[in-house]
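Visitor: There's a structure below that I have some questions on.
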Amino acid sequence: MGERRRAVLVTGASRGIGRATAQAFLSSGARVAINGRTAESVAKALSELGSHDQLFAVPGDIATIDGCEAVVGAAVEALGGLDVLVNNAGVYGRADMGEVDEALWDSILNTNVKGTYFCSRSALPALKASRGSIVNVASEAGLRGYSGITVYCASKGAVVNLTRSMARELAPSVRVNCVCPGVVDTDMARARGAEALREEAEYYPLKRIGRADEVAQAILYLASAEAGFITGASLAIDGGATAGG
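One rule links them: number in my numbering = place in the sequence shown (from 1) + 67.
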């Protein structure tokens with residue numbers, strides 16, 4: 068019998084960075100559970116990924132503790148265990164502080180922070196058994212402040228420090244790291260319009276925005292044996308935006 072393929076759960080994998088990450092793990096030989104908020108979005112992602120027999124659908128909203136437990140439980144059952152959890156599902160929202168209401172606050176914090184925390188907690192028995200790893204998807208906005216997206220910055224800053232705290236608490240059995248992407252060329256980013264993306268590109272020292280596959284490859288590395296001595300790290304994938312200046 069050949070070596071068991073790694074079992075991976077990617078939340079928010081129906082589009083963008085999540086789908087690119089699922090593709091990267093699939094191409095590496097892993098078995099991947101695909102999560103999205105609805106069964107329809109997951110089915111569409113599976114179709115676009117080729118309906119591969121190493122892909123498993125685990126739809127569900129991870130903005131509640133019950134949702135996190137249901138999604139992780141379904142993934143562990145489908146995969147027969149878990150080696151890697153990628154907490155990618157996230158919500159973005161723009162609003163000046165005077166315009167932020169409780170619904171916006173809860174929407175962003177519930178998915179970005181509560182979802183990351185409780186998906187991780189739900190996955191702990193399986194990850195400890197496999198001596199696996201967690202990769203959280205934070206943001207450049209978790210490393211520095213920006214006006215107009217204070218709630219989003221707060222949520223991603225929480226993910227960065229949560230990563231450090233989890234890494235300390237779960238060592239040595241589970242490694243925990245995060246990536247901090249800048250603006251990445253996804254359908255969510257394109258919704259801002261071509262002019263906004265050109266302005267974003269000029270902001271970065273590398274004079275372009277990122278690609279989803281670049282973030283996916285970084286996640287793949289942090290989850291790999293080659294990164295076995297890395298835990299608690301926050302890897303900026305931001306074209307130099309947080310380098311200073």
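Even for Gly, the Cβ is constructed at its ideal location relative to N, Cα and C.
CB-CB under 6 Å to Asp280, same chain, minus the five flanking residues each way: which ones, in chain order?
Guide: Cβ neighbours of Asp280 beyond the five flanking positions: Ala87.
Visitor: Spell out the partners DSSP gives Pro248 in its beta bridges.
Guide: Ile304
Visitor: Mind checking which residues open and close the beta strand (DSSP E) that includes Asn203?
Guide: 200–204
Visitor: By the 10 Å Cβ neighbour count, where 16 or more other Cβ atoms means buried, how is Arg73 classified, buried or exposed?
Guide: buried
Visitor: Taking a contact to mean a Cβ-Cβ separation below 7 Å, would you say Gly157 touches Asn179 in this structure?
Guide: yes
Visitor: Suppose you measure from the CA of Gly182 to the CA of Gln121; what does that come to, to the nearest Å?
Guide: Their Cα atoms are separated by approximately 25 Å.
Visitor: So, using beta-carbon positions, are Asn244 and Ala300 closer together than 7 Å?
Guide: yes
Visitor: Measuring CA to CA, which of Ala310, Met255, Ser94, Ser291 is closest to Gly160?
Guide: Met255
Visitor: At a cut-off of 6 Å, is Ile101 close to the ligand ATP when judged by its beta-carbon and the heavy atoms of the ligand?
Guide: No copy of the ligand ATP appears in this structure; indeed no ligand is present at all.
Visitor: Should Met68 be labelled buried (16 or more other beta-carbon atoms within 10 Å of its own) or exposed?
Guide: Residue placement at Met68 cannot be trusted, given a pLDDT of 34 that sits under 50; what the coordinates show is reported in the next sentence. With fewer than 16 other Cβ atoms within 10 Å, it is exposed.
Visitor: For Arg259, does the count of other Cβ atoms within 10 angstroms reach 16, so buried, or fall short, so exposed?
Guide: Exposed, because fewer than 16 other Cβ atoms sit within 10 Å of the Cβ of Arg259.
Visitor: Enumerate in chain order the residues of its own chain whose CB-to-CB distance from Asp163 is below 7 Å, with the five nearest sequence positions on each side excluded.
Guide: Gly215
Visitor: Measuring CA to CA, which of Gly103, Ala130, Pro239 is closest to Tyr184?
Guide: For Tyr184, the nearest C-alpha among the options comes from Ala130.
Visitor: Comparing C-alpha positions only, which one of Ala290, Ala91, Tyr271 sits nearest to Arg242?
Guide: Ala290
Visitor: Rounded to a whole number of angstroms, what is the C-alpha to C-alpha distance between Arg235 and Ala263?
Guide: 39 Å
Visitor: Which stretch, first to last residue, makes up the beta strand (DSSP E) that contains Ala196?
Guide: Ala196 -> not in any beta strand (DSSP E); alpha helix (DSSP H) instead, spanning 182–197.
Visitor: Please confirm whether Ala145 and Glu207 have their CB atoms less than 7 Å apart.
Guide: Taking a C-beta distance under 7 Å as the contact criterion, Ala145 and Glu207 do not qualify as a contact pair.
Visitor: Quick check on DSSP: helix, strand or coil for Gly85?
Guide: DSSP places Gly85 in helix when its eight states are reduced to three.
Visitor: Buried or exposed for Glu267, going by 16 or more other Cβ atoms inside 10 Å?
Guide: buried
Visitor: Determine, using beta carbons only, whether Ala139 and Ser200 come nearer to each other than 7 Å.
Guide: Note that residue 139 corresponds to Val in the displayed sequence, not to Ala. Not closer than 7 Å, so no.
Visitor: On a CA-only basis, which of Gly85, Thr253, Leu191 is nearest Met233? Give me that one, please.
Guide: Leu191
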